[in-house]
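Okay, structure first, notes after.
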Amino acid sequence: METPPPSRPPTDVRSQLVGPMLAYLRATGRDPSPLVERFGLPANASALPEVTLPLATLHAFLDAAEALSGDAFLGLHVAQRVPRGNYGLVEYIARASPTVRDTFRALARYMALLEPAWRASFQDAPDGSGTFVYGIPGEPLAYGRHASEFGLALFVHVGRQLTEHPWNPRHVSFAHPAPADLRPLEQHFGVTPAFDAGRNALTLDAATLALRVVDADPVLLSVLERAAGTPAAEPPAAPPTPPFLQQVRDALRASLRDGAPQMGDVARQLHVSPRTLQRRLAEHATSFQDEVDAVRRELAFDYLRDAHLGVSEVAFLLGYSELSTFDRAFKRWTGMTPRVWREKPEAG
180 METPPPSRPP
190 TDVRSQLVGP
200 MLAYLRATGR
210 DPSPLVERFG
220 LPANASALPE
230 VTLPLATLHA
240 FLDAAEALSG
250 DAFLGLHVAQ
260 RVPRGNYGLV
270 EYIARASPTV
280 RDTFRALARY
290 MALLEPAWRA
300 SFQDAPDGSG
310 TFVYGIPGEP
320 LAYGRHASEF
330 GLALFVHVGR
340 QLTEHPWNPR
350 HVSFAHPAPA
360 DLRPLEQHFG
370 VTPAFDAGRN
380 ALTLDAATLA
390 LRVVDADPVL
400 LSVLERAAGT
410 PAAEPPAAPP
420 TPPFLQQVRD
430 ALRASLRDGA
440 PQMGDVARQL
450 HVSPRTLQRR
460 LAEHATSFQD
470 EVDAVRRELA
480 FDYLRDAHLG
490 VSEVAFLLGY
500 SELSTFDRAF
510 KRWTGMTPRV
520 WREKPEAG
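Its first residue numbered 180, the sequence shown is counted upward by one per residue in this note's numbering.
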């Protein structure tokens with residue numbers, strides 16, 4: 180008799196939707212306290228920026244919230260009235276971006292700060308359009324129907340506010356099956372979404388992505404400029420960097436926004452093959468990994484001097500998927516952790 184495979188432990192997630200959902204129920208005349216008690220939520224959950232709970236519990240909570248409200252499009256309607264600032268630093272990074280394209284690139288880069296389980300990407304197409312995709316590996320429905328409709332509806336709703344322009348996405352895809360009535364979603368998005376698509380995604384055309392964001396915050400914009408890899412000024416006494424190495428380092432800084440740099444991607448940016456890139460780096464007595472390490476080290480000191488950035492955020496800006504990996508690298512460079520270095524008087 181075969182031994183059944185071990186069951187997976189419950190997946191805990193950090194949800195920023197629980198609070199707005201409870202607040203919406205109360206604002207529309209429903210008492211959410213039975214849900215708070217039933218699902219063991221904190222008594223002040225409606226005021227918390229996030230609530231951690233098992234993914235299965237979140238699914239059940241959202242279903243119960245729909246039953247209590249009688250609203251089959253609860254996620255959509257909450258998205259249309261969620262207050263500004265609910266998503267903290269990630270939201271303000273997105274709001275500070277200069278264009279809609281930059282906003283979605285920032286969301287793809289930083290969503291994991293909200294929930295490490297999220298995987299998001301923004302893919303540019305040859306015609307200038309772009310597609311934003313997000314989800315949780317191993318969880319095809321992610322947070323469930325209401326959360327997915329909330330998420331994509333919120334991105335479009337806030338994007339229209341940021342640009343002061345009533346744009347519509349070119350295409351909308353949801354991982355979950357289609358509801359019986361599509362009209363509320365069609366009215367919000369301006370297009371008929373696809374369902375059972377295996378992912379949650381928004382595709383925007385080139386003109387929409389080029390729209391300017393109004394009222395960007397200059398302080399947070401400076402943080403985004405750092406995230407984009409703005410080179411730090413070279414000390415006057417430093418010898419000039421050979422042009423090819425400078426091109427490599429510029430490409431590495433730009434690629435950090437998408438995670439750990441890959442040799443093939445950097446080679447394509449430089450219009451050479453990976454083999455040629457390796458050979459030319461060797462001619463300068465260096466290697467691809469040495470250059471990645473050097474760029475990360477240079478930027479790490481610069482970022483850590485910025486009081487607006489937490490150590491975890493610095494790790495993300497440097498393309499590390501885990502804070503522990505950044506800690507090990509920084510200790511290899513300096514003999515101390517980033518937090519200890521930052522506390523030194525001379526670090527500032």
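All C-beta atoms in this analysis are idealised placements derived from N, C-alpha and C, irrespective of residue type, glycine included. Here the structure is a predicted model, which means the values were calculated and not measured.
- DSSP links asparagine 265 through a beta bridge to no other residue.
- Aspartate 437 is not a Cβ neighbour of alanine 275, given a cutoff of 8 Å.
- Just measuring C-alpha positions, the residue of Gln259, Val519, Arg217 and Asp472 sitting nearest glycine 498 is Asp472.
- Spatial neighbours of leucine 292 in its own chain (CB-CB distance under 6 Å, excluding positions within 5 residues in sequence) are listed in chain order as Val269.
- Judged by their CB atoms, leucine 320 and histidine 355 are nearer to each other than the 8 Å cut-off.
- Per DSSP, the unbroken beta strand (DSSP E) holding alanine 380 starts and ends at 379-383.
- For serine 491, the enclosing alpha helix (DSSP H) starts and ends at 490-496.
- DSSP places tyrosine 313 in no alpha helix (DSSP H) but in the uninterrupted beta strand (DSSP E) bounded by 309-314.
- C-alpha of leucine 247 to C-alpha of histidine 325: approximately 14 Å in a straight line.
- As computed with DSSP, phenylalanine 301 is found in a beta bridge with Phe311.
- When rounded, the separation of the alpha-carbon atoms in leucine 364 and phenylalanine 240 is 22 Å.
- For the pair of segments examined, the region 283-290 was found not to touch the region 215-232: the number of CB pairs separated by less than 8 Å stays below three.
- Under the 10 Å beta carbon count, glutamine 195 is surrounded by 16 or more other beta carbons and is classified as buried.
- Taking a 10 Å sphere around the C-beta of histidine 367, we find 16 or more other C-beta atoms and assign the residue as buried.
- Taking one beta carbon from each stretch, the region 373-384 and the region 303-319 have 3 or more pairs nearer than 8 Å; the two touch.
- The C-alpha of glutamate 492 is placed about 20 Å away from the C-alpha of tyrosine 313.
- Remark: C-beta atoms of phenylalanine 467 and leucine 456 approach each other more closely than 8 Å.
- Taking the C-beta atoms as reference points, proline 517 is found no nearer than 8 Å to valine 474.
- Per DSSP, the unbroken beta strand (DSSP E) holding threonine 231 starts and ends at 230-233.
- DSSP, reduced to helix, strand and coil, places histidine 350 within a strand of the structure shown.
- Sequence-distant Cβ neighbours of proline 345 in its own chain, meaning closer than 7 Å and more than five residues away, are Arg339.
- Note: alanine 326 is not bridge-paired with any residue in the DSSP secondary-structure output.
- Per DSSP, reduced to three states, the secondary structure at threonine 278 is strand.
- Put simply, the backbone Cα of alanine 359 is about 11 Å away from that of phenylalanine 252.
- Going by DSSP, valine 192 is part of the beta strand (DSSP E) stretching over 191-194.
- Aspartate 396: not part of any alpha helix (DSSP H); DSSP gives it neither H nor E.
- Isoleucine 272 sits close to tyrosine 289, with the two beta carbons spaced by under 8 Å.
- In this structure, DSSP gives glutamate 501 a state outside helix and strand, which the three-state scheme calls coil.
- Within the region 418-446, the complete alpha helix (DSSP H) segments at least 4 residues long are 422-434, listed from N- to C-terminus.
- In the DSSP assignment, the residues bridged to arginine 391 are Thr278.
- When the beta-carbon positions are compared, alanine 296 and valine 451 stay at least 8 Å from each other.
- When secondary structure is reduced to three states using DSSP, glutamate 294 falls in the coil class, being assigned neither helix nor strand.
- Nearest neighbour of valine 351 by Cα position, chosen from Trp512, Val393, Ala373 and Lys523, turns out to be Ala373.
- In the structure shown, alanine 376 falls within a coil segment according to DSSP collapsed to helix, strand and coil.
- Cβ-Cβ distances below 6 Å link valine 427 to Glu470 in the same chain, with the five nearest sequence neighbours on each side left out; the list follows chain order.
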